[in-house]
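Letter 13 of the sequence shown, counting from 1, is numbered 12 in numbering that gives the first Met the number 0, and no numbers are missing.
Each residue gets a CB set at the ideal place from its N, CA and C atoms; glycine is no exception.
Given the structure is predicted, the values throughout are model-derived calculations rather than measurements.
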Amino acid sequence: MLREDLPKIITDTLPGPKAQAIIDRRAKAVPNAIRCGYPVVMDHAEGAMIEDVDGNKFLDWIGGVGVLNIGHCHPEVVEAVKAQADKYFHGMFNVVTHEGYVELAEKLASIAPVKGEHAKAYFTNSGAEADENAVKIAKAFTKRPNIIVFSGAFHGRTLLTMSMTSKKAYAVGMGPFPDGIFRAQFPYYYRNPAGMPADKACDYYLDSIKAVFEQCAPADTIAAIVVEPLQGEGGFIPAPIEWIKAVRQICDDNGIMLVADEVQSGFCRTGRMFATEYWKEAGVEPDIIATAKSIAAGVPLSAIIARDEIMDAPAPGTIGGTFGGNALACAASLKTIEVMERDNLAGRSLEIGEKVTKRYNEMKEKYECVGDVRGLGGMIGIEFVKDKESKEPDAALTSAIINECAANGLLVEGAGTYNNVIRFLAPLVMTDEQLEAGLDIFEAAVAKCAN
């Protein structure tokens, strides 16, 4: 059964002949800007494994970029979607009510750690839409025009979220951009300014928020501060709890909404159903959560969750959309959450994360090129540098490691402001044998490429 198999390459070349033919067709039919550097054409997939059209088997540590925490084609989710398909595919929620949407909104409102006594939720299709709608909700509630985002942030590819995103390689030739978006420094402790004492770092990054108030837009014009609890594209950098507590206080003091972008960090990825549960355990909560990716095991869906008074602020007709909360997606999400809770995938994420972090830290001791290891639960980043003293990013080495892993049946993906981080986003249903096989392939790739 593929679900329990180990990676195995059987073709003499990658891509294999059948895969190459389809990749050639892709080049003629699909824009080049939708880049893909992996030699894989999927035939079928189960759990953490992909089998390509040539019979090669790959261990998937990308998971659709964090979409498949519950794994490929979970049989219970497949059956839930099939059962819903026998009833109806779609009914626009602005026109007709379907119970799956209501039930899922009730469920998310009951488990999301947002500030307030009672919450509401609604649905869009992608992470970018969730982030954009979270900003719309914050502006409607506060009646303010501006937002603060951070260095290293990634929020999407719509015009607004592309503008919110820090890395402008994702926005080449796409301007002009909306105004009212101001950027502060995210606490990237590994790359603190040279000579900065550790006990001064938090204040340094908080001062950059206060500088926005002074130099860009007064605090009473800011609708929201938008934070990833653990930056994804920025390099898998966790937001320090002491910093989050202080940001929450800044928001409370100035009537600003704290928005948590949990698009990538939600649904058991970090060892909690939501990464912001760590915030709640520390005594602070976001006002609004935007989430997506693993919410529905690969069916397009995203959610925005906040307390009633915030959610009821927008004028009628300003939120919603044709496919938001599609019936098939809601059925998939309800079953996904049920399985995650029943099978304790948050606990499994902690187990996996502990093993991966231990192995990565052993590599850090062994290899000069491993600069930092960080993360929460099963969401882990490993940063590659030319040497530990200079911390100079090594994007070329990172790319070589990714390619070497793929050549041996392991799919991993890069990240980071400097393209020198490899992120661990493996399905949480991966077996222990698959995890060990993947770690062996990964370390062999590091050893080979570093020499």
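Measure the C-alpha to C-alpha separation of R268 and F212 and round it to an integer number of angstroms. If I take the Cα positions, the gap works out to 34 Å.
Is the distance from the Cβ of G265 to the Cβ of F153 below 9 Å? No.
Kindly identify the DSSP beta-bridge partner or partners of L257. Partner(s): I224.
Taking only three categories from DSSP, how would you classify K387? Coil, per DSSP.
With H, G and I counted as helix, E and B as strand and the rest as coil, what does DSSP make of Q263? In this structure, Q263 counts as coil in the three-state DSSP scheme.
Own chain partners of E50 with C-beta closer than 6 Å, once the 5 adjacent residues on each side are dropped: If we look at E50 and ignore the five residues flanking it on each side, its Cβ neighbours are L1, D42, H43, K56.
Determine the closest residue to I453 out of I221, A449, V298, G437, with distance taken between C-alpha atoms. With the chain covering only 0 through 450, there is no way to say anything about residue 453.
Per DSSP, what kind of secondary structure is D11 in: helix, strand or coil? Coil, per DSSP.
Any alpha helix (DSSP H) of 4 or more consecutive residues that is wholly inside the region 376-449: DSSP runs (the alpha helix (DSSP H)) wholly in the region 376-449: 394-406, 431-449.
For A289, which option in H89, T397, A127, E353 has the closest C-alpha, if you only look at C-alpha atoms? The candidate whose alpha carbon is nearest that of A289 is A127.
Rounded to whole angstroms, what's the CA-CA distance from G70 to L427? Just pull it up for me. Their backbone Cα atoms lie some 7 Å apart in a straight line.
Looking at the unbroken alpha helix (DSSP H) that takes in N360, where does it start and where does it end? For N360, the enclosing alpha helix (DSSP H) stretches over residues 344-365.
Does the structure place the region 322-342 close enough to the region 148-168 that three or more beta carbon pairs sit under 8 Å? The region 148-168 vs the region 322-342: no contact.
I'd like to check one pair, I8 with N503: are the Cβ atoms closer than 9 Å? Only positions 0 to 450 of the chain appear in this structure, which leaves residue 503 out of reach.
Between the beta-carbon of L410 and the beta-carbon of Y37, is there less than 9 Å? Between L410 and Y37, the C-beta gap is smaller than 9 Å, which places the two residues in contact.
I236 and F181 closer than 9 Å at C-beta: No; because the gap between Cβ atoms is not below 9 Å, this pair is not in contact.
Where do the ends of the alpha helix (DSSP H) carrying A168 lie? First-last for A168: undefined, no H or E at that position.
Is it the case that the Cβ atoms of A259 and I240 are separated by a distance below 9 Å? Not in contact: A259 and I240 (Cβ atoms no closer than 9 Å).
Suppose the cutoff is 7 Å on Cβ atoms and the five residues either side in sequence are ignored; what does the same chain contact list for G179 look like? Around G179, the same chain offers P144, N145, I146 as residues with beta carbons nearer than 7 Å, after the five sequence neighbours per side are excluded.
For the putative contact between A326 and H117, defined by C-beta atoms under 8 Å, what is the C-beta separation to the nearest angstrom? Wrong, their Cβ atoms sit about 25 Å apart, outside the cutoff.
Whose C-alpha, out of A139, G320, A274, S389, is nearest the C-alpha of L349? It is A274 whose Cα lies nearest to the Cα of L349.
Would you give the residue range spanned by the beta strand (DSSP E) that Y121 belongs to? Looking at the DSSP string, the run of the beta strand (DSSP E) that includes Y121 is 118-123.
Going straight from the alpha carbon of M195 to that of G270, what length do you get? About 31 Å.
P6 and M48 closer than 9 Å at C-beta: Yes, Cβ-Cβ distance for P6 and M48 is below 9 Å.
For the beta strand (DSSP E) containing A302, name the first residue and the last one. Per DSSP, A302 belongs to the beta strand (DSSP E) from 301-306.
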